[in-house]
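Going by our numbering, the first residue of the sequence shown is number -14, and it counts up by one from there.
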Amino acid sequence: MDVIRDRMIAGQSSVLGVYNFLEENEKLPAEQLAARRRHLMQAQLEYARKESPYFANILRHHRTADLLDRPELWEELPLMDKSVLLGDFDMIRTRSDITFPQVDSYLSDRSSVDEPFNDSDLLVVSTAGTSGKPGYFVYDRQEQAHIRAQYFRFMRAILDTVRPQGPLRSAAIIVTGAHMIGYKMQRQLPAEFFRMIPVLREGRAVTVEETAAELEEFAPHILTCFGSTLRMLTEYKEAHPEFAWRPLALINTGATLEQDVRRRATAAFEGVRVFDLYGSTDTGYIGWTCEEGRMHLNTDCMRIEILGPDDRPVADGEFGSIVISTYWHRTLPIIRYRLGDLMSVSTESCPCGRSLPVVKELLGRENTLLYRRSGTGLAPVPQGVFMEMFETISGVRRFRLVQESPDRVTVSVVPLADSPPGLAERVAERVAPVFGEGASVEVRLVDALVPSASGKLLPVERLFDPTAGRATAR
Ligand SMILES: [Zn+2]
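So, in C-alpha cells, the structure goes:
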C-alpha cells in the first residue's frame, strides 16, 4: 500500500498532498527513507523509459532494478545538461503538444510572457542560465505542485523561527517581465501579501535607493533576493542607519552567501535571520536552511550525486560537481543532469532532527556584484541585471561579461545561428549605460566561451577589488 503511494507521488497535483508527503519524509528513519527514495526513482525510470524516446534509448540495455541495485551500471548512464535538454528536446519530452519549434517560438517572443502557452496550464519558462547557456523548461500542474510544496517545506522552517505579527508580507527582488520561473510563478500572488521588486526597469538598472524606498513603503517581513543584492542592501543600511525597513528574515538565493555578507546583514538589520534557498529552474528546489542554519538537501525529491573530475562519485564528504535525477519531472524527465555547481555533503546529521542530509559546502553560481562609477565613488550593480538584459537581446546564444576595472568591460557573445546583423552593436548599446559615461564596453562575437583560470564559466565576473577602486576614486 505504502509502496503504491510512494510511487504515485510524482503525479500528485495537490500542493498539500505533496507537502504532507515531504513533511512525513523528514521524520522517517534512514532505512525507510532510502526504501521510499528507491520506489520513487524506480517509478521515474519506468516512466521515462516508457514515455520518452531519448530515455528509452539510453535505458534500453538495463533492467530498472539492475540500475537501482548496481552502482556501476548506474554510473554508465550518460550525463545530460541544459544543452542536451535543448538539443534533444523533442526526443526527451513525454508529451506531443510541446514541440521544440512551438516552445522556442513562444519563449523567443517577449510579448507573450503574460500569455499562457497554447492556452494550456503548462508553465513554459526559459533561463539565460547561470552558465550562460539558455535552457527551456516545461512544468505541468503536477510538477508546479511539487515546486510549491518544496517551497512551503522551507517556509515552515522560516516561520517556526521568525513568527511575524499579523498577516505575513513578503517580497522578492527578481527579474520581472521575462519568461523566467520566479516571475511566472509569483506574478499572480495577492498584492497585499507579496510584492515583486524588479532588478531592471525599462532597460535601466534599478538603483539601491529605489529598492530601499520600495522596501520601506511595503515593509515586507521576508525578502528573497540574490546574495549580491543582499550585499548591496546591507551596504546601503550601513551607510544609512535611518533606512527604516525592519525585515525578520532575508532569504539568499543562488549560492552560499559570502560569510561577511551574512555577518554584516545580521548586524545591520537588527534581529534579522538569514536563510539560504538553493534551487534552479532546471531542477526545482535542491537545498534550504533549517532553523539550525544548516542547509538540507531535498533528497526525497531527487537523487543527488557528487562527481569528481573523472565523473565518478567522490568519497563521502568530498567536493565535486552536482548531478541530479529528479523523481517528479514527468514532462521533461531529467536523469543524471549536471547542474554546473559544486558541492560537498556532510556526513553528520543536523541537530534539528530532520532525516535529510546536510550540505557541507556549496559553491554555486557566483554572487558577483559589479560596480559602476557614481559621483566620486562606486555604486553596485547586481548580476541579475545582466541575466535579465541578455534574456531580452535577440540573437544571443551564450554570453560572458567580465568587468576588468570600473571603466572597462568585455563581453563575449556566442551568437545564435540565425542571429540578425548588428548584434555586437546592440549588446554594447544595452550594456554601456549600466556602467555610465566614460566606461568602455568591448563586445566580441566568439564561437565558444573559454572558462577562466578557476575552470568555472561564470556568466558575470569582476576582476578588480572595489575597495581599491574606491580608494583611487577619492
Ligand atoms: Zn536542520
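Yeah, the Cβ is synthetic: ideal placement off N, Cα and C, and Gly gets one too.
Predicted, not measured: the structure shown is a model, and the values here were computed from it.
Runs of beta strand (DSSP E) wholly within the segment 35 to 119 (minimum 3 residues, chain order)
Correct list: 108 to 112.
Which ranges does the beta strand (DSSP E) cover as unbroken runs of at least 3 residues, wholly within the segment 152 to 208, from first to last along the chain?
155 to 159, 179 to 183
Would you mind sorting G151 into buried or exposed? The rule is 16 or more other CB atoms within 10 Å of its CB.
Position 166 of the sequence shown, counted from the start, is the residue given in the question as residue 151. The residue is exposed, with fewer than 16 neighbouring Cβ atoms inside 10 Å.
Which residues does DSSP pair with W313 in a beta bridge?
Your numbering for residue 313 matches position 328 in the sequence shown. DSSP lists no partner for W313.
Among M165, F74, S306, whose alpha-carbon lies nearest the alpha-carbon of S265?
For the purposes of this step, residue 265 is identified with residue 280 of the sequence shown, where counting begins at 1. Looking at the Cα atoms, M165 is the closest of the given residues.
What is the C-beta distance between C210 and T238, in whole angstroms, given that I count them as a contact (C-beta under 8 Å)?
In the sequence shown, residue 210 corresponds to position 225, counting from 1. In the sequence shown, residue 238 corresponds to position 253, counting from 1. In this structure, C210 and T238 form a Cβ contact; the two beta carbons are roughly 7 Å apart against a cut-off of 8 Å.
Do V396 and V435 count as a contact pair if the criterion is CB distance below 8 Å?
Translated into positions along the sequence shown, residue 435 becomes position 450. Translated into positions along the sequence shown, residue 396 becomes position 411. No. Outside cutoff.
Nearest to G(-4) by CA position, among M181, L25, R249, is which residue?
Counting from one through the sequence shown, the residue named residue -4 turns up at place 11. Of the candidates M181, L25, R249, the one whose C-alpha sits nearest the C-alpha of G(-4) is L25.
Taking Cβ positions, are E376 and L448 nearer each other than 8 Å?
Numbered from its first residue, the sequence shown carries residue 376 at position 391. Numbered from its first residue, the sequence shown carries residue 448 at position 463. At a Cβ-Cβ threshold of 8 Å, E376 and L448 do not count as neighbours.
Can you say whether Q17 is buried or exposed, counting buried as having 16 or more other CB atoms within 10 angstroms of its CB?
By 1-based counting over the sequence shown, the position of residue 17 is 32. Counting Cβ neighbours within 10 Å, Q17 comes out exposed, since fewer than 16 surround it.
Report the partner residues of E346 according to the DSSP bridge assignment.
For the purposes of this step, residue 346 is identified with residue 361 of the sequence shown, where counting begins at 1. Bridge partners of E346: S329.
Exercise answer, beta-carbon shell around ligand 1 heavy atoms below 6 Å:
C275, E277, R279, H281, C335, C337, R339
Just list the residues that DSSP pairs L282 with in beta bridges.
Along the sequence shown, read from residue 1 onward, the residue named residue 282 stands at position 297. In DSSP, L282 forms a bridge with G272.
In the structure shown, what three-state DSSP assignment does E351 receive?
Reading the sequence shown from its first residue, position 366 is the one you call residue 351. In this prediction, E351 has a pLDDT of 42, which is less than 50 and means its spatial position is unreliable; nothing more can be read from the coordinates.
Meets three-Cβ-pair contact criterion under 8 Å: the segment 151 to 160 and the segment 334 to 343:
no
Distance CB(Y270)-CB(Y136) smaller than 8 Å
Taking the first residue of the sequence shown as 1, we reach residue 270 at position 285. Taking the first residue of the sequence shown as 1, we reach residue 136 at position 151. Yes.
contact_flag[the segment 378 to 385, the segment 304 to 322] where n(CB pairs < 8 Å) is 3 or more:
no
Answer yes or no: do P119 and L71 have a C-beta to C-beta separation smaller than 8 Å?
For the purposes of this step, residue 119 is taken as residue 134 along the sequence shown, with counting starting at 1. For the purposes of this step, residue 71 is taken as residue 86 along the sequence shown, with counting starting at 1. Yes, Cβ-Cβ distance for P119 and L71 is below 8 Å.
Applying the 10 Å Cβ sphere with the 16-neighbour rule, what's the burial state of I(-11)?
Sequence index remark: in the sequence shown, residue -11 carries index 4 (1-based). Exposed.
Please look up how many angstroms separate the CB atoms of A234 and R258, rounded, as I've assumed it's under 8 Å.
Residue mapping note: residue 234 aligns to position 249 of the sequence shown, counting from 1. Residue mapping note: residue 258 aligns to position 273 of the sequence shown, counting from 1. Their Cβ separation, rounded to whole angstroms, is 5 Å, which keeps A234 and R258 in contact under 8 Å.
Separation of P405 from E202, as counted between CA atoms:
Reading the sequence shown from its first residue, position 217 is the one you call residue 202. Reading the sequence shown from its first residue, position 420 is the one you call residue 405. Those two C-alpha atoms are separated by around 43 Å.
Boundaries (first-last residue) of the beta strand (DSSP E) holding L386
Locating residue 386 in the sequence shown gives position 401, counting from the first residue. Counting along the chain, the beta strand (DSSP E) containing L386 begins and ends at 381 to 390.
Are the beta-carbon atoms belonging to K345 and G293 less than 8 Å from one another?
Within the sequence shown, numbered from 1, the residue matching residue 345 stands at position 360. Within the sequence shown, numbered from 1, the residue matching residue 293 stands at position 308. In this structure, K345 keeps its C-beta atom at 8 Å or more from the C-beta atom of G293.
Rounded separation between L215 and P226 - CA only
By 1-based counting over the sequence shown, the position of residue 215 is 230. By 1-based counting over the sequence shown, the position of residue 226 is 241. Their Cα atoms are separated by approximately 16 Å.
Identify every residue that forms a DSSP beta bridge with E364.
Reading the sequence shown from its first residue, position 379 is the one you call residue 364. Looking at the sequence provided, one finds Ala at residue 364 rather than Glu. Its beta-bridge partners are R357.
How far does the alpha helix (DSSP H) with A464 in it extend, from its first residue to its last?
There is simply no residue 464 to check, as the chain begins at -14 and stops at 459 in what is shown.
Tell me whether V193 is buried or exposed, calling it buried when 16 or more other Cβ atoms sit within 10 Å of its Cβ.
Mapped onto the sequence shown, residue 193 falls at position 208. By the neighbour-count rule (16 or more Cβ atoms within 10 Å), V193 is buried.
Whose CA, out of F254, V69, V184, R23, lies closest to the CA of P365?
As a first step, residue 365 is located in the sequence shown; it is residue number 380 there, counting from the start. Comparing Cα-Cα distances from P365 to each of F254, V69, V184, R23, the minimum goes to V184.
Please look up how many angstroms separate the CB atoms of I291 and S331, rounded, as I've assumed it's under 8 Å.
Here residue 291 refers to the residue found at position 306 of the sequence shown. Here residue 331 refers to the residue found at position 346 of the sequence shown. That pair is no contact at about 12 Å.
For T84 and V412, I'd like the C-alpha separation in whole angstroms.
In the sequence shown, counting from the first residue as 1, residue 84 sits at position 99. In the sequence shown, counting from the first residue as 1, residue 412 sits at position 427. For T84 and V412, the distance between alpha carbons rounds to 30 Å.
Nearest to I143 by alpha carbon, out of A204, I236, S111?
Translated into the one-based positions of the sequence shown, residue 143 becomes position 158. It is I236 whose Cα lies nearest to the Cα of I143.
With a CB to CB cut of under 8 Å and the five nearest residues on each side skipped, what residues in its chain are close to S37?
Taking the first residue of the sequence shown as position 1, residue 37 is located at position 52. Closer than 8 Å at Cβ, skipping near neighbours: M76, I77, R78, T79, P318.
Within 10 angstroms of its Cβ, does E128 collect 16 or more other Cβ (buried), or is it exposed?
Locating residue 128 in the sequence shown gives position 143, counting from the first residue. That one is buried.
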